[in-house]
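**Student:** Per this note's numbering: the sequence shown ends with 202, consecutive numbering throughout.
Handing you this structure, nothing more for now.
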Amino acid sequence: MGIDPSADMLASASSTHGVSFVQGTGDNLPLTDSSVDIVTFAGSLSYAKSDKLVDEILRVGNEDVTVVAYDFEVLLNDVLTNLGITPPPSTSSYNHAENFSEFEVLTEIAVHQSRLVIPVTSEQLAHVLFSSSKRFELLVERFGSDNTFDRVVKALGNDRHQEISVDTYYSTYRPN
27 MGIDPSADML ASASSTHGVS FVQGTGDNLP LTDSSVDIVT FAGSLSYAKS DKLVDEILRV
87 GNEDVTVVAY DFEVLLNDVL TNLGITPPPS TSSYNHAENF SEFEVLTEIA VHQSRLVIPV
147 TSEQLAHVLF SSSKRFELLV ERFGSDNTFD RVVKALGNDR HQEISVDTYY STYRPN
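Here it is as structure tokens:
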């Protein structure tokens with residue numbers, strides 16, 4: 027079962043055989059006691075972590091419940107710098123590596139961080155660069171508003187192969 031506080035996100039969820047989606051929050055899970063085998067957090071723990079959330083995980087989880095938090099961060103500052111753009115300093119307090127390490131009621135099984143390097147074409151890299159409104163504004167400022175995408179692809183080297191670095195994080199826990 028997938029749980030999300032946003033009705034809009036739930037409306038966008040793809041139906042999958044055997045998986046249902048309901049609206050709810052981590053501090054009041056719409057599940058019965060001891061009914062869950064695994065609880066996962068995909069890029070959301072930085073927003074949701076609290077004592078009440080951990081209490082709810084322990085309430086709904088069976089005695090062998092596994093708790094997994096995972097996230098990733100696409101690293102594009104070097105690409106922007108190579109394009110002549112100075113990336114603005116981050117003002118976000120979001121933590122991709124957020125985990126449950128400070129909760130004594132959970133036993134840490136594993137905490138892992140690694141970097142993936144994904145080969146892409148210049149056009150694919152440009153699509154990733156343009157996926158953020160902040161980066162879009164920086165690219166338009168640097169390359170102009172006419173044919174910005176094509177100009178960025180050309181500056182990246184047209185058919186040249188590129189690489190995108192992605193930091194990945196996961197942590198797993200079990201109740202004590």
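No residue lacks a Cβ here, since even glycine has one placed at the ideal position from N, Cα and C.
Mind reading off the beta-carbon distance from F156 to F175? Whole number of angstroms is fine, and I expect it under 8 Å.
**Tutor:** Contact holds; Cβ gap of about 6 Å.
**Student:** Please report how far the alpha carbon of A74 lies from the alpha carbon of D97, in whole angstroms.
**Tutor:** So the two alpha carbons sit approximately 13 Å from each other.
**Student:** Just to confirm the assignment, what range does the alpha helix (DSSP H) spanning H153 have?
**Tutor:** Element bounds for H153: S148 to L155.
**Student:** Given a cut-off of 9 Å, decide if I29 and V45 are closer than it, judged by their beta-carbon atoms.
**Tutor:** In this structure, I29 does not lie closer than 9 Å to V45 by Cβ.
**Student:** Closest to T133 by CA distance: which of S158, Y199 and V146 is it?
**Tutor:** Of the listed residues, the one whose Cα sits closest to T133 is Y199.
**Student:** From which residue to which residue does the alpha helix (DSSP H) around V179 run?
**Tutor:** First-last of the alpha helix (DSSP H) with V179: T174 to L182.
**Student:** How far does the alpha helix (DSSP H) with A37 in it reach, from first residue to last?
**Tutor:** It spans A33 to S38 - the alpha helix (DSSP H) in which A37 sits, taken as one unbroken run.
**Student:** Would you report the Cα separation of N108 and L102, rounded to the nearest angstrom?
**Tutor:** Distance between the alpha carbons of N108 and L102 is about 10 Å.
**Student:** Round the Cβ separation of Q188 and V146 to the nearest angstrom and send it over; I've been treating them as touching at under 8 Å.
**Tutor:** Correct: roughly 5 Å between the Cβ atoms.
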